[in-house]
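A short write-up of the structure that comes next.
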Amino acid sequence: MNASKLFFLFLSIFSLQILQSAEHILITEQVSQLWSNAHNEKIKYFNDMNNLNTKPYFLRNAVLDNDETVVDYLLSKGTDITIADNKNASPWFYAVAKNNKNIMKLFLDRGASLEIKDVDGLTPLHFAVKKDDTDTVKLFSEYLPTDAKNWKDDAGKTILFYVQSPEMFELLESMDLLPDSNMQDIEGKTALHYAVIADAINIVEILIVYGADVNVPDKKEDTPLVYALGKNDRQIIKLFLDNNVDIQAPDKNGQNILHFAVKTKDQDLLKLLLSFDNHINFYAKDNQGKTAYHLAVESDNLEILKELVGGGYYFFQDERLADNYGRTPVYYVKNLDVVTYLNELGAITNINQMRDKQGLTPLHYIVRQWAPYELVEFFLESLHADVTIKDGHGLTAYDYALDEAIKKMLEEKTLELLNNDEPWELLEDSAHF
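Under mature numbering (1 follows the signal peptide of the UniProt record, and there is no 0), read the sequence shown as residues -21 to -1, 1 to 412, first letter to last.
Now the structure itself:
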């Protein structure tokens, strides 16, 4: 093919594309102008058109304009109401959003299915419940199949997950449209989980009335109580406690509500929990093996500690209280007031018998944690901690001490105990720090 013929071929193709583009622009301009006209002119325009592909676009606009005459006409001509626009929404959802009952009834009378879904898998019924539109739900009820209450969106949520008010609950129940309150979505969460997450205590209360199980865990093993604890929502926590919640249920860190009350220093919640003393396991441990007693000692909150030990067992040398490192709560003492209280309580009987998995005594442990001078002094003078005890590596507390003043105190105590003028000889096998 010579250059001249090739040029004319390209020119012909280019001209055709221009004509098609011009036609598209003309139709688009006609459509734009159309919606400013009365519906009779729109209908006349539709009669003159052969491009059926634009009809769903017209139906959407007619719905948005609340133009029932044009909607009825387009439906009579077979316009497909299920075709979605560029937002993946069909005219159905615009009708629900505009709350036009007459147009919705036109759709239903033409046999439109209520099982159609939007981009998130929501049906018009889901959407109406989410909008708390009781009138629309009533309208739909005449056209719904018997299994409609079990319809789920793409996240596995029934309409119950979207209920916003007591009135909607009552309506759904009266129409036998109330789903099982313990159905779970793809994450294993129930409607109760989401009500807690949303701080919707009124919905939480209603769900419990309708049989929601407060102890159902999701796929992360978190119950609604765990989410309430995470949000520190005391109203919902109290509500759960009054409705047979499992107070031993752990969160992802293995901590239960007793751990939470101590950790957050919530004295009122702690008192409430201790009133359930027959159901509390004071030995319950988190993922690190720590009990509520460990957390109370670590918190340096003497009032919380007093509240806790006043409600349960407090022999702090009990091996059942040891964490994953073999350490009882005494190891985690940080201030003088706490250890003085425990000593007066009789919770510490012989500190030298305690050993963790590394062979450390509480004295070994506190001196390597930058413990205050007066705390170490109390361990030596009041608890009679033995400075000569060696751990599994042959090291004494002196070897672990980080503070020079404390090292000197340990050295002097060693001399006192062993009546030895050369403390370095006593400790010569130790790796001095």
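Cβ atoms here follow ideal geometry from the backbone N, Cα and C, with glycine treated the same way.
Just so it is clear, the structure is predicted and the values come from calculations on it, not from any experiment.
C-alpha gap between residue i and residue j, whole angstroms
i	j	result
residue 87	residue 118	9 Å
residue 303	residue 329	21 Å
residue 309	residue 298	12 Å
residue 396	residue 273	31 Å
residue 151	residue 157	5 Å
residue 207	residue 220	11 Å
residue 110	residue 275	46 Å
residue 81	residue 45	9 Å
residue 337	residue 260	28 Å
residue 127	residue 172	22 Å
residue 386	residue 365	14 Å
residue 388	residue 356	8 Å
residue 89	residue 56	11 Å
residue 327	residue 240	24 Å
residue 123	residue 105	12 Å
residue 169	residue 154	22 Å
Status (buried if at least 16 other CB within 10 Å, exposed otherwise) for residue i
i	result
residue -16	With a pLDDT of only 48 at residue -16, under 50, the local geometry of the prediction cannot be trusted, and the value read off the model is given with reservation. So residue -16 counts as exposed.
residue 133	exposed
residue 131	buried
residue 1	For residue 1, the predicted structure reports a pLDDT of 46, less than 50, and the residue's modelled location is therefore unreliable. A value from the coordinates is still provided. The residue in question, residue 1, is exposed, as its Cβ has fewer than 16 Cβ neighbours within 10 Å.
residue 93	buried
residue 381	exposed
residue 230	buried
residue 198	exposed
residue 193	buried
residue 137	buried
residue 115	buried
residue 349	exposed
residue 129	exposed
residue 425	The structure shown does not extend to residue 425, since the chain is modelled only from -21 to 412, so the question has no answer here.
residue 178	exposed
residue 48	exposed
Nearest candidate by alpha-carbon position, reference residue i, set the options
i	options	result
residue 77	142, 120, 43 and 324	43
residue 242	92, 277, 391 and 41	277
residue 384	346, 209, 123 and 338	346
residue 201	296, 175 and 190	175
residue 139	163, 349 and 122	163
residue 99	339, 212 and 68	68
residue 254	91, 217, 212 and 153	217
residue 320	331, 105, 283 and 89	283
residue 159	210, 180 and 189	189
residue 65	84, 39, 333 and 53	39
For residue j and residue i, believed in contact at Cβ under 8 Å, the rounded distance
i	j	result
residue 300	residue 249	With 8 Å as the limit, residue 300 and residue 249 do not qualify as a contact, their Cβ atoms being about 18 Å apart.
residue 204	residue 224	5 Å
residue 75	residue 108	In fact, because the Cβ distance is near 10 Å, the residues do not count as touching under 8 Å.
residue 165	residue 135	4 Å
residue 195	residue 161	6 Å
residue 448	residue 112	It is not possible to answer for residue 448, since the shown part of the chain is limited to -21 through 412.
CB contact flag (residue i, residue j, <9 Å)
i	j	result
residue 351	residue 322	no
residue 227	residue 235	yes
residue 393	residue 377	yes
residue 58	residue 37	yes
residue 148	residue 185	yes
residue 307	residue 343	no
residue 238	residue 191	no
residue 50	residue 41	yes
residue 341	residue 312	yes
C-beta neighbour in chain C for residue i, strict 9 Å
i	result
residue 121	No chain C appears in the structure shown, which is made up of a single protein chain.
Residue i: CB within 8 Å of a non-hydrogen atom of the ligand PLP
i	result
residue 206	Although the ligand PLP was asked about, the structure shown includes no ligands whatsoever.
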